[in-house]
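472 is the number that the working numbering gives the last residue of the sequence shown; the numbers go up by one with no jumps. Just so you know, even glycine gets a beta-carbon here, dropped at the ideal spot from N, CA and C. Note that this is a predicted model, so its numbers are computed, not measured.
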Amino acid sequence: MAYQVSSSQYQPASQEYSSQYQPSSQQEYSSQYQSSSQGYSNSYQPSSSRYSSPYQPSSQQHSYGTSPTQAKVKRIIITDRGCFEHYIPGHIDGNIYVQAFPDTCSTHNVVSKTFLYNNSIPYDETQRSMITLPNQKMISTIGAVRLEFTFRNSVKLALDFVVLSTCVYDVMIGAVFLQQCGLNGAHESWKKVVERQRKGSSTHLPRVCLANPPQQVVTGFINDRKAMAAPDTGSEVNLIRLQYARELGLDIEHDEYSQLEMIDGSVMPTYGIVRKAAWRFGTDDAKEGEGLQRTTAKGSAEVREFGQDGSPEDEYVCEVYVVETLLVPLILCADILYGSNAFDSCPKSFSNNYGNVAFGMVTRVKTVFSKCWHRLTESKTNPAGHTRTALDEWQVEARLREQKQAEINRMRPEDQQAARNAERQRQEDWHRTR
Numbered sequence: 039m040a041y042q043v044s045s046s047q048y049q050p051a052s053q054e055y056s057s058q059y060q061p062s063s064q065q066e067y068s069s070q071y072q073s074s075s076q077g078y079s080n081s082y083q084p085s086s087s088r089y090s091s092p093y094q095p096s097s098q099q100h101s102y103g104t105s106p107t108q109a110k111v112k113r114i115i116i117t118d119r120g121c122f123e124h125y126i127p128g129h130i131d132g133n134i135y136v137q138a139f140p141d142t143c144s145t146h147n148v149v150s151k152t153f154l155y156n157n158s159i160p161y162d163e164t165q166r167s168m169i170t171l172p173n174q175k176m177i178s179t180i181g182a183v184r185l186e187f188t189f190r191n192s193v194k195l196a197l198d199f200v201v202l203s204t205c206v207y208d209v210m211i212g213a214v215f216l217q218q219c220g221l222n223g224a225h226e227s228w229k230k231v232v233e234r235q236r237k238g239s240s241t242h243l244p245r246v247c248l249a250n251p252p253q254q255v256v257t258g259f260i261n262d263r264k265a266m267a268a269p270d271t272g273s274e275v276n277l278i279r280l281q282y283a284r285e286l287g288l289d290i291e292h293d294e295y296s297q298l299e300m301i302d303g304s305v306m307p308t309y310g311i312v313r314k315a316a317w318r319f320g321t322d323d324a325k326e327g328e329g330l331q332r333t334t335a336k337g338s339a340e341v342r343e344f345g346q347d348g349s350p351e352d353e354y355v356c357e358v359y360v361v362e363t364l365l366v367p368l369i370l371c372a373d374i375l376y377g378s379n380a381f382d383s384c385p386k387s388f389s390n391n392y393g394n395v396a397f398g399m400v401t402r403v404k405t406v407f408s409k410c411w412h413r414l415t416e417s418k419t420n421p422a423g424h425t426r427t428a429l430d431e432w433q434v435e436a437r438l439r440e441q442k443q444a445e446i447n448r449m450r451p452e453d454q455q456a457a458r459n460a461e462r463q464r465q466e467d468w469h470r471t472r
């Protein structure tokens, strides 16, 4: 997929990146994962480093607060690499080599049942939980396990994983670990060791692996209108919720439909596609509107290599798939994030203060789930004397919501809104009775 970008005067970074992880001396890290009787030690406190991440902003300076008359936007195309993916090479329990997939928008570390079975690793089947997929469908994990994960041959952490019966990756590492170890940083340090072309890339469905509401957001502008997005390295395509696309006045083309694969292997259909949507990183209101001076004619572009630093004035003209139901309003995919080295070059655009960001439906979902979390393993007894858990009720409700959504999708367009309102009311009534 080709992305078009814009930049004022791009100066390549002179900073040398080391492929060996050496976190910043300004902050000491301490693992939140405390091992049990296995005796894992997680008090890793690395020494100094120039390894940058969205959580450790780069010392490289970029111009923020530029006035509209000063910001000069130039369209640039990032070279198309085909279907590449990143991974973290490491070992599980000391001797099992893995290529763990990093997902900045997953709140869990995930491991597949097949991987555990093939390596004779037991897991706790009583520790089940619920995960919300990008299409807001809820699925149940089948257990949990704590594994020792070693990467770069020195860093050892005991990580908690949820177990999925089916999973598109053997091991997926979520946001907490990535934040803790600063592994979202500069592309130059990633590509030496953790980039590969995905197997079967010519025939596979594009993937979006977000699991549960994200803890990080990125602010910017889409078609010169302020917007927020989930920066998801686990997504291979940009996604936008249909309602949000209409609010932004985006031109949706319905001649291209596709399916997207989620972390559990299930698929979600797309509604259409927005072509040539222009995204810019940034938080400054002064950059919004017609005052921007574009230094290249519309349609023309300059080629830029994948992974070169972007800037807050860069404009990425890209394709965005439209879906009717999406856990967040907008998702930025790995190619934009890694292709522009955005975590390192535009750190002020990223925020981990999730609670202060009005992120639409996500806030409501997170609030509702927090009220119900503690009930998931509480037992209830029906008149026949059969014991069932609140988790079983969630599974029944999840299937019903999926069925209702499918029914709404088959309705005539003029009848769908009323049906959505009725289903929303039914779901709210269901939550109030729990």
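Span separating the alpha-carbon of residue i from that of residue j
i, j, result
"Gln465", "Gln174", "13 Å"
"Phe187", "Leu154", "14 Å"
"Val246", "Arg318", "21 Å"
"Gly423", "Tyr125", "With a pLDDT of 41 at Gly423, under the threshold of 50, the modelled position of this residue cannot be trusted, and the question is left open."
"Ser91", "Arg450", "Legend: pLDDT at Ser91 = 36, less than 50; position of this residue unreliable, value from coordinates given subsequently. Going by the C-alpha atoms only, they are around 47 Å apart."
"Thr308", "Phe199", "30 Å"
"Val251", "Arg279", "Checking the sequence shown, residue 251 turns out to be Pro, not Val. So the alpha carbons of these two residues sit roughly 14 Å apart."
"Val193", "Val136", "15 Å"
"Cys143", "Glu274", "13 Å"
"Lys264", "Phe381", "19 Å"
"Ile301", "Gly287", "30 Å"
"Thr257", "Ser387", "5 Å"
"Val360", "Val201", "30 Å"
"Ser389", "Cys356", "23 Å"
"Ser349", "Met210", "30 Å"
"Glu123", "Pro269", "15 Å"
"Asp352", "Pro385", "14 Å"
"Asn133", "Thr363", "41 Å"
"His129", "Leu171", "27 Å"
"Asn147", "Asn157", "18 Å"
"Arg462", "Pro127", "43 Å"
"Ile260", "Glu291", "17 Å"
"Leu216", "Leu370", "17 Å"
"Gln455", "Ser304", "26 Å"
"Glu440", "Arg458", "13 Å"
"Asn80", "Ile177", "Any reading at Asn80 must be qualified, since the residue scores a pLDDT of 38, below 50, and its modelled position is unreliable; the value itself is stated next. Cα-Cα distance, rounded: 30 Å."
"Gly468", "Leu438", "Going by the sequence as given, residue 468 is Trp instead of Gly. Approximately 12 Å between the Cα atoms of the pair."
"Val255", "Gly320", "12 Å"
"Val214", "Leu185", "15 Å"
"Val434", "Tyr376", "39 Å"
"Ile20", "Ala182", "Only positions 39 to 472 of the chain appear in the structure, and residue 20 is not among them; the question remains open."
"Ala372", "Phe139", "12 Å"
"Glu452", "Leu195", "54 Å"
"Asp131", "Ala436", "35 Å"
"Met306", "Phe189", "33 Å"
"Gln443", "Ala460", "11 Å"
"Asp262", "Ile446", "33 Å"
"Ser227", "Asp208", "Here the model assigns Ser227 a pLDDT of 36, short of 50, so the residue's position is not dependable, and the following value carries that caveat. Their backbone Cα atoms lie some 24 Å apart in a straight line."
Beta-bridge pairing of residue i - partner residues as DSSP gives them
i, result
"Ile278", "Val360 and Leu368"
"Thr257", "Met266"
"Trp317", "Ile260 and Tyr354"
"Phe139", "Met210"
"Leu298", "Met306"
"Glu291", "Ile311"
"Met176", "Thr170"
"Asp162", "Ala182"
"Val246", "Ser273"
"Val149", "Val201 and Val209"
"Ser144", "Ala249"
"Ile134", "Ile130"
"Phe477", "No answer is possible for residue 477: it lies beyond the span of the chain, which begins at 39 and ends at 472."
Distance between beta carbons of residue j and residue i, contact taken as under 8 Å
i, j, result
"Arg166", "Thr152", "Contact flag wrong, Cβ pair sits at about 18 Å."
"Ala267", "Leu197", "Not quite, the Cβ-Cβ distance comes to about 27 Å (not below 8 Å), so this is no contact."
"Val358", "Ala315", "5 Å"
"Gln297", "Leu243", "6 Å"
"Asp162", "Gly212", "Contact flag wrong, Cβ pair sits at about 19 Å."
"Gln253", "Thr145", "7 Å"
"Ser310", "Glu294", "Looking at the sequence shown, residue 310 is not Ser but Gly. With a Cβ gap of about 7 Å, Gly310 and Glu294 count as contacting."
"Glu299", "Val149", "The pair is not a contact, with the Cβ atoms about 18 Å apart (cut-off 8 Å)."
"Ile374", "Asn276", "7 Å"
"Tyr354", "Ser378", "7 Å"
Beta carbon proximity, residue i to chain B, threshold 8 Å
i, result
"Ser296", "No chain B appears in this structure, which consists of one protein chain only."
**Message:** At 3 residues or longer, what runs of the beta strand (DSSP E) sit wholly inside the stretch 178–212?
**Reply:** Secondary structure within the stretch 178–212: the beta strand (DSSP E) runs of 3 or more consecutive residues, fully enclosed, are 181–189, 193–202 and 209–211 (chain order).
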